[in-house]
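Data block below; observations after.
There are 4 protein chains.
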Amino acid sequence: MLDFIKGKVITVKPDKIVIQTGGIGYSVKIPIRVSRYINRDEETQIFTSLIVKEESIEIYGFLESSERDLFEELIKIAGIGPKMAINILSTYDRETLYKIIDHEDIKSLSKIPGIGKKTAQRILLELRGILPSLQYEKDQKYDDILSALLNLGYKRLEAKEVLDKIYNNEKDEATIIRESLSILAGKDGK
Amino acid sequence: MLDFIKGKVITVKPDKIVIQTGGIGYSVKIPIRVSRYINRDEETQIFTSLIVKEESIEIYGFLESSERDLFEELIKIAGIGPKMAINILSTYDRETLYKIIDHEDIKSLSKIPGIGKKTAQRILLELRGILPSLQYEKDQKYDDILSALLNLGYKRLEAKEVLDKIYNNEKDEATIIRESLSILAGKDGK
Amino acid sequence: MLDFIKGKVITVKPDKIVIQTGGIGYSVKIPIRVSRYINRDEETQIFTSLIVKEESIEIYGFLESSERDLFEELIKIAGIGPKMAINILSTYDRETLYKIIDHEDIKSLSKIPGIGKKTAQRILLELRGILPSLQYEKDQKYDDILSALLNLGYKRLEAKEVLDKIYNNEKDEATIIRESLSILAGKDGK
Amino acid sequence: MLDFIKGKVITVKPDKIVIQTGGIGYSVKIPIRVSRYINRDEETQIFTSLIVKEESIEIYGFLESSERDLFEELIKIAGIGPKMAINILSTYDRETLYKIIDHEDIKSLSKIPGIGKKTAQRILLELRGILPSLQYEKDQKYDDILSALLNLGYKRLEAKEVLDKIYNNEKDEATIIRESLSILAGKDGK
Numbered sequence: 001m002l003d004f005i006k007g008k009v010i011t012v013k014p015d016k017i018v019i020q021t022g023g024i025g026y027s028v029k030i031p032i033r034v035s036r037y038i039n040r041d042e043e044t045q046i047f048t049s050l051i052v053k054e055e056s057i058e059i060y061g062f063l064e065s066s067e068r069d070l071f072e073e074l075i076k077i078a079g080i081g082p083k084m085a086i087n088i089l090s091t092y093d094r095e096t097l098y099k100i101i102d103h104e105d106i107k108s109l110s111k112i113p114g115i116g117k118k119t120a121q122r123i124l125l126e127l128r129g130i131l132p133s134l135q136y137e138k139d140q141k142y143d144d145i146l147s148a149l150l151n152l153g154y155k156r157l158e159a160k161e162v163l164d165k166i167y168n169n170e171k172d173e174a175t176i177i178r179e180s181l182s183i184l185a186g187k188d189g190k
Numbered sequence: 001m002l003d004f005i006k007g008k009v010i011t012v013k014p015d016k017i018v019i020q021t022g023g024i025g026y027s028v029k030i031p032i033r034v035s036r037y038i039n040r041d042e043e044t045q046i047f048t049s050l051i052v053k054e055e056s057i058e059i060y061g062f063l064e065s066s067e068r069d070l071f072e073e074l075i076k077i078a079g080i081g082p083k084m085a086i087n088i089l090s091t092y093d094r095e096t097l098y099k100i101i102d103h104e105d106i107k108s109l110s111k112i113p114g115i116g117k118k119t120a121q122r123i124l125l126e127l128r129g130i131l132p133s134l135q136y137e138k139d140q141k142y143d144d145i146l147s148a149l150l151n152l153g154y155k156r157l158e159a160k161e162v163l164d165k166i167y168n169n170e171k172d173e174a175t176i177i178r179e180s181l182s183i184l185a186g187k188d189g190k
Numbered sequence: 001m002l003d004f005i006k007g008k009v010i011t012v013k014p015d016k017i018v019i020q021t022g023g024i025g026y027s028v029k030i031p032i033r034v035s036r037y038i039n040r041d042e043e044t045q046i047f048t049s050l051i052v053k054e055e056s057i058e059i060y061g062f063l064e065s066s067e068r069d070l071f072e073e074l075i076k077i078a079g080i081g082p083k084m085a086i087n088i089l090s091t092y093d094r095e096t097l098y099k100i101i102d103h104e105d106i107k108s109l110s111k112i113p114g115i116g117k118k119t120a121q122r123i124l125l126e127l128r129g130i131l132p133s134l135q136y137e138k139d140q141k142y143d144d145i146l147s148a149l150l151n152l153g154y155k156r157l158e159a160k161e162v163l164d165k166i167y168n169n170e171k172d173e174a175t176i177i178r179e180s181l182s183i184l185a186g187k188d189g190k
Numbered sequence: 001m002l003d004f005i006k007g008k009v010i011t012v013k014p015d016k017i018v019i020q021t022g023g024i025g026y027s028v029k030i031p032i033r034v035s036r037y038i039n040r041d042e043e044t045q046i047f048t049s050l051i052v053k054e055e056s057i058e059i060y061g062f063l064e065s066s067e068r069d070l071f072e073e074l075i076k077i078a079g080i081g082p083k084m085a086i087n088i089l090s091t092y093d094r095e096t097l098y099k100i101i102d103h104e105d106i107k108s109l110s111k112i113p114g115i116g117k118k119t120a121q122r123i124l125l126e127l128r129g130i131l132p133s134l135q136y137e138k139d140q141k142y143d144d145i146l147s148a149l150l151n152l153g154y155k156r157l158e159a160k161e162v163l164d165k166i167y168n169n170e171k172d173e174a175t176i177i178r179e180s181l182s183i184l185a186g187k188d189g190k
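Chains as they are written, first to last, in the UniProt record's numbering: chain A, 1 to 190; chain B, 1 to 190; chain C, 1 to 190; chain D, 1 to 190.
Have a look at this one:
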């Protein structure tokens, strides 16, 4: 629901900022390593994730939408809540985390406060499944269409097989989507 | 609660846009077939439906309020959640869907990802009951008054019977409502 | 949380309006008898009540804050939800409802759609307890202080007894509150 | 989520104000002793706490962020909800409350409406544990870093031990955080 807040930074704490737009000051939780890049009284854009629980509504914020997207993937993993996800991103940035996953570097993962060896192994397993979708398959357009087909309920393998056959960066998005849908609809014997 | 958002489109993905008003960027899920009509950096009005769950608040958006109304009718059908409803509207627009219902075209309905033959039949049944209310009975004013009487708790048959007797497009809305209510209150032996 | 919305009326239906402020159009449910006093394209102030349920957030709106306050009292009565409360206020305005209560006019109460004789009797009983607090005891200041003392947890009888002793419209609110609290704290043997 | 509202005060009641920003009037519950410092039609900044329940969203407001922070600590104590916390802060301001805790003054605590002797003793016990964190350990920067380390999951003793070793007000926040995290990560044998 809430993609970003653009406003004036009012306060900066190691793990929280207050950013104002209109007459409202929003308090936003941030990864500790990010606070040094945010300055009081400056106009800033924070990419946000609205976390709704039965008795709380909180906003988590990031300087890049790709880091916010990674945060939203992390909290889909069973056992990783917003607090643990922000700990992970407080300790390592996105690129470092990819390397840790690629090198199966359990030791670095378990340096994150609150993460023991067993949790580190489970996170490694789950992140391996997610990270490809967070690194561009081919390019942004290909990825956007693939994720739309997955959201429609098609399996990754099925969607990629069709997309790889017809994908060509010259074609516009709408054409590629229409072609994929008609092949996929046909493939399902519908 | 949220009828529309008027703002500048920041990003357009096949199934999602980000639209900004004030300092806030709202992320809005849209039917895939609609994204080709939305352009980045353009001032746009999106008719919205706020979907509140225990652990999420999401916004679904449409270029026409009638399509948003159809979406809100679809999600009242048991077994059809927002995701399935957006799949239906990603595959077919409103007019096509009416034809499919009128011609009891199960084959086309089951082309929608995630919808098998059995679900298609059930949707057909339920949609037949809803669609009349989404196509104008006589005209907008007649429909608005009828839906207000239904919301007050009167049965469709009872309300239509009274409305058909006294309805005349020349009369203003308040008069028609007052007359219907007094007849309906009288008819209930109250 | 949401006391009022000031904005331009975009659409008026018998039981619903859309009012815009900033780039957001809010959809607000209203009593049917009120829609005739609201005109499209006019700047209007609507006094609101935000109704939060597990799977919905809705706004109910009124042209006067006293009618909104009555609505919020009605929905505190067991068995009366927002829909029934808006039916009551769609059928009768505040003054008429007071007369109905004063004259114990069950017949008029049960003319409200969805309200049978038994419910009418129960509403009558409960409304008798509430209405005094909605009609000014003495004046607005007296009522505001009385309701603040009740919110603090003091019984109506206890609070009125103290307030009646020290109340004088010439004194300012803060002084009256301080004097009442010190007497009440003393009376509790604290 | 909601740190403050800056706007024009529309109404002031003993325990509630309405403050407007943009076209929205927000109703905010305040401690009774604070209302005398708030004037109608004046531009005011209210530090807020958004209280989300299954069937309500309410805003509690304070003239100082430190009083709001104390309110948010109080409601973490089992058995103290927002209503009781606002009663406590309606009866005593922050400084007086500190003295009451320091002097273990049960009598004053139980003067708060709704608080008997037993609850007073329990509150005393719990507040003793919280108050140090609300009074500056050394200075604002030291406190912000300490609370960030606690939020990351480190124990207070462990975090304070490391922070006391390396803390020096000349160093900037980012450096102190980086140094503490590397020592803490090392200390955990990670």
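For each residue, glycine too, the CB sits at the ideal point set by N, CA and C.
So D3(C) is in the beta strand (DSSP E); what residue range does that whole segment cover?
That run of the beta strand (DSSP E) goes L2 to K13.
With a threshold of 8 Å between beta-carbons, can E58(D) be considered close to chain C, or not?
Taking Cβ atoms only, chain C reaches closer than 8 Å to E58(D), which makes this a yes.
Taking C-alpha atoms, which residue in I5(D), S108(D) and P14(D) lies nearest to D144(C)?
For D144(C), the nearest C-alpha among the options comes from P14(D).
Output needed for A85(D): all residues of its chain with C-beta closer than 6 Å, excluding positions within five of it in sequence on either side, in chain order.
F71, L74 and I75
Can K117(A) and I101(A) be called in contact, C-beta distance under 8 Å?
no
By Cβ distance below 8 Å, which residues in the same chain neighbour L163(C) in space, the five residues on each side in sequence not counted?
Y142, I145, L146, L149, I176 and S180
Among S90(D), I51(D) and V9(D), which one has its Cα closest to the Cα of Q45(D)?
The option with the nearest alpha carbon to Q45(D) is V9(D).
Anything in chain D within Cβ reach of K76(A), meaning under 7 Å, just list it in chain order.
Here the premise fails: no neighbours, minimum Cβ distance about 21 Å.
Cβ distance (whole Å) where I77(C) is taken to contact K29(C) below 8 Å
Incorrect: roughly 19 Å between the Cβ atoms, too far for contact.
Please list, in chain order, the residues of the region 6 to 25 of chain A that have any C-beta partner in chain B closer than 7 Å.
K6, G7, T21 and G22
Which residues in chain A have a C-beta closer than 7 Å to the C-beta of P113(B)? List them in chain order.
L152, G153 and Y154
I want to verify the contact list: residues of chain A whose CB lies under 7 Å from the CB of V52(D), in sequence order.
Within chain A, the residues near V52(D) are E55, S56 and I57.
Just to make sure I have the definition right: I need the residues of chain A whose C-beta is within less than 8 Å of the C-beta of residue 223(B). Which are they?
Only positions 1 to 190 of chain B appear in the structure, and residue 223(B) is not among them; the question remains open.
With 16 other Cβ atoms within 10 Å as the buried cut-off, status of G189(C)
Only weak support is given to the placement of G189(C): the predicted model assigns it a pLDDT of 47, under 50, and the question is left unresolved by the model.
Within chain C, partners of I145(B) - CB distance below 8 Å
P14
Can you grab the Cα-Cα spacing for the pair I19(D) / K6(D), in whole Å?
8 Å
Measure the C-alpha to C-alpha separation of S90(A) and V12(B) and round it to an integer number of angstroms.
Roughly 30 Å between the two C-alpha positions.
Report the residues of the region 165 to 189 of chain A with a CB closer than 7 Å to any CB of chain B, ordered along the chain.
Correct list: E173, A174, I177 and A185.
Kindly list the residues whose CB is nearer than 7 Å to the CB of I38(B), restricted to its own chain and excluding five residues on each side of it in sequence; keep chain order.
V9, V12, I17 and T44
Straight-line Cα distance separating R178(A) from K171(A)
11 Å
Within the region 120 to 173 of chain B, ranges of the beta strand (DSSP E) (whole runs, at least 3 residues):
none
Roughly how many whole angstroms lie between the Cα atoms of Y129(C) and I123(C)?
Here the sequence assigns Gly to residue 129(C), which means Tyr is not the residue at that position. Taking the straight line joining both Cα atoms gives about 10 Å.
Under three-state DSSP, which class holds L181(A)?
helix
Please confirm whether G61(A) and F47(A) have their CB atoms less than 8 Å apart.
yes
What is the DSSP secondary structure of I100(D), counted as helix, strand or coil?
helix
Does the beta-carbon distance from A185(B) to R36(C) come in below 8 Å?
No.
At what residue ranges does the region 41 to 78 of chain C contain a whole run of the alpha helix (DSSP H), taking only runs of 4 or more?
65 to 74
From this set, I112(C), Q121(C) and I115(C), which residue's C-alpha is nearest E104(C)'s C-alpha?
Q121(C)
E55(A) beta carbon less than 8 Å from that of E53(D)
First, the amino acid is wrong: residue 53(D) is Lys here, not Glu. Contact: yes.
In chain C, which residues lie less than 9 Å from A148(B) when you measure between Cβ atoms?
By Cβ distance, chain C contributes K13, P14, D15, K16, I32, S35 and S90.
Count the other CB atoms within 10 Å of the CB of D139(B); is the residue buried (16 or more) or exposed (fewer)?
exposed
Backbone secondary structure at T175(A) - three-state DSSP:
helix
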